[in-house]
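Residue numbers (this note's numbering), protein chains in the order written: chain G, 240 to 567; chain P, 240 to 567.
So the structure is just underneath, and the comments pick up after that.
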DNA sequence: GAACATAAGCGAAACGTTTCGCTTTCGATG
DNA sequence: CATCGAAAGCGAAACGTTTCGCTTATGTTC
């Protein structure tokens, strides 16, 4: 493998000049060409380890997700990779398999890798544990007070979706949420309750079904809702997988949307686009989340730390289709 | 940040001894304890860049996927991470967004990162382009002659599933496959045809629907099949997303499985488990794929290259449930 | 108790960069 | 033509490890 020394020898220039060239310094046009040719000729590639050793920067960030098997995170992960690459960073991905015990272990593992920063969607880790890592960290999707976070406005998201159902005359509105210990699920439940409060309606707690964030939960809880007497006239699902499971349950019961039941999904572009008519859905701005997280982290890694943790709350979109029927 | 030098000073031992300790060499029990304590005390962490510079190994492998948004790859990716970690390797994940033009660029990018090896699920890249990278590479899911690959036996997988349908009396069997340019899709189509040939049945080409590997394709092609006159009595889907789309189409048409139509899915544990009755499914051994790929690559990175590229073909499982009805 | 084998520890060089402070080159200016 | 300043280039040290070849300590054996 050719080194900078070989390029220097080949061009007759010094190592320092080659380094200058590599890092965008001033080099005579003539030499610039010769260095370029030499690099081409020798197939020289920068040795990142040596550079990292000198600069004390690995140009790598760790991304820790609850699960790679969740479409929301998988997609966001792909976006983050793009944005990081644009800033010259590589990305090491880990998942903690929705296990808080593994979460902190993986964080320590990442930190031990001498990476420059961490992006994490936390579940059980505390602010103290995170600051103890002494590494720039930006939280994603879920916030912890005192730390940089990028989240979506879950309360407003669900509030607006439920409001949409209310103004269409619905009063018995089923809601399927994830585990309340996760802040996103808790906030989404809150959004539901706020919408009801805004319209002076009382919440029937039986209509709020708490389960996991997975397809099976969506399916199961949807069936529970449909088994009620009377069943809800509309149902709001609060995650991608819950949406998929709930729709499957509805179809299995041979219920037509929106004729037999109204429905609002979450984070589901692909599948619902396929339906005729498509399903009204809350859409989180995944690319924007990825971008915000990346830019914020890049700033922090660049040393821009004013001591004020930033909380970026992004707006969701309610994509209206024809899955909401009108009552009364 | 404490260095090995600090640990040496703290313990009164030499740098060389600390290094020996770190790499598992022989050190007096007493010193071993003192070094451990010093490391703890000083919060010493190995500097991977320095180590990589000396050893010429980054202990990192690149994983390049067609897409992170495909459950099959996302799941396998999570497994690979586990296995690599067990061998002391980290993983850098990239996706080429199903774009062959980006594929080779990402490969070069990965190689430029001085990683020790690459795992890739290729689409358009050639054997020459890959060997030109001069980096140990193992292919996953899709094989290229002359290169190490780990794939599943797609032909047998579909053959056996279709055979199952045939012995249940089905003759008009719909088949939804992905883009035939991808070897997996091509092989799955072949498996279908072989099953028919084995039973001296002629294939109705109209029943083989070629589309994308995505949910929308599954949905669309399923509707096409259902619109035929007469429609097939059974349908075989050949990927996870195709399965999801096809089932949605069936439910939308209010068809009950298996009473109205028999169905075999692919790679779908989660969703089909949710149904009552669950759907018969071809299951690829994802964890085993991840393990084989990792072990093979680790061997190659360890220098075990006998010049004979290895093709590992893993068996799929047909998970039988009650989604197949009997005809006649 | 001498001789020896083995275990444990050590010093120093080397890995491929970046960067500091210095020297050389060269054209412009008075 | 002498002087000057900016631009370009250079030499060498340093980053934190691993490892080679060596010395010293520790038992063991006759």
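We treat Cβ as the ideally placed atom computed from N, Cα and C, and that holds for glycine.
| Query | Result |
| --- | --- |
| Nearest to residue 241 of chain P (by Cα), restricted to the options P/254, P/257, P/270 and P/282 | P/282 |
| Residue 459 of chain G classed as buried or exposed, judged by whether at least 16 other C-beta atoms fall within 10 angstroms | buried |
| Cβ-based burial, residue 383 of chain G [other Cβ within 10 Å; buried from 16] | buried |
| For residue 263 of chain P, the three-state DSSP class (helix, strand or coil) | coil |
| 8 angstroms Cβ cutoff met for residue 404 of chain P and residue 388 of chain P | no |
| Partner residues on chain G for residue 300 of chain P, Cβ-Cβ distance less than 8 angstroms | Those do not exist, as residue 300 of chain P stays about 11 angstroms from chain G at its closest Cβ, beyond 8 angstroms. |
| Residue 301 of chain P in three-state terms, based on DSSP | strand |
| Interface flag, residue 297 of chain P vs chain G, CB-CB below 8 angstroms | yes |
| Interface residues of chain P facing residue 291 of chain G [CB-CB closer than 7 angstroms] | 288 |
| C-beta neighbour in chain G for residue 353 of chain P, strict 8 angstroms | yes |
| Three-pair Cβ contact test at 8 angstroms for the region 246 to 265 of chain P versus the region 311 to 324 of chain G | no |
| Length at least 3, wholly inside the region 474 to 506 of chain G: the beta strand (DSSP E) runs in chain order | 501 to 505 |
| Within chain P, partners of residue 317 of chain G - CB distance below 7 angstroms | 307, 308 and 334 |
| Cβ-based neighbour list, residue 544 of chain P, same chain, cut-off 8 angstroms, excluding 5 preceding and 5 following | 375 |
| Where residue 454 of chain P meets chain G, residues with beta-carbon distance less than 8 angstroms | 509, 510 and 513 |
| Span of the alpha helix (DSSP H), counted from its first residue to its last, around residue 347 of chain G | 339 to 351 |
| Residue-chain proximity (residue 320 of chain P, chain G), Cβ-Cβ < 8 angstroms | yes |
| Per DSSP, cross-strand counterpart(s) of residue 401 of chain P | In the DSSP output, where bridge partners are listed per residue, residue 401 of chain P has none listed. |
| Residue 504 of chain G at chain P interface by Cβ criterion, 8 angstroms | no |
| Sequence-distant residues of its chain with Cβ nearer than 6 angstroms to residue 416 of chain P (five each side left out) | 424, 427, 428, 449 and 477 |
| 8 angstroms CB neighbourhood of residue 452 of chain P in its chain, flanking five on each side removed | 309, 417, 418, 421, 424, 478, 480 and 481 |
| Three-state class that DSSP yields for residue 319 of chain G in the structure shown | helix |
| Where the region 539 to 553 of chain G meets chain P: residues whose CB sits under 7 angstroms from a CB there | none |
| Cβ pair count under 8 angstroms reaching 3, the region 298 to 305 of chain G against the region 359 to 367 of chain G | yes |
| Own chain residues within Cβ distance below 6 angstroms of residue 539 of chain G, not counting five before or after | 375 |
| Secondary structure, beta strand (DSSP E): runs of 3+ residues fully inside the region 433 to 479 of chain G | 447 to 449 and 473 to 476 |
| Counted within 10 angstroms of its Cβ, other Cβ atoms place residue 412 of chain P as buried (16 or more) or exposed | buried |
| Secondary structure of residue 421 of chain G, DSSP reduced to three states | coil |
| Secondary structure of residue 563 of chain P, DSSP reduced to three states | coil |
| Contacts that residue 329 of chain P makes with chain G (C-beta to C-beta distance below 7 angstroms) | 331 and 352 |
| Cβ-Cβ separation, residue 490 of chain P to residue 491 of chain G (assumed contact under 8 angstroms), whole Å | 6 angstroms |
| Proximity to residue 565 of chain P [Cα-Cα], best of P/497, P/519 and P/546 | P/497 |
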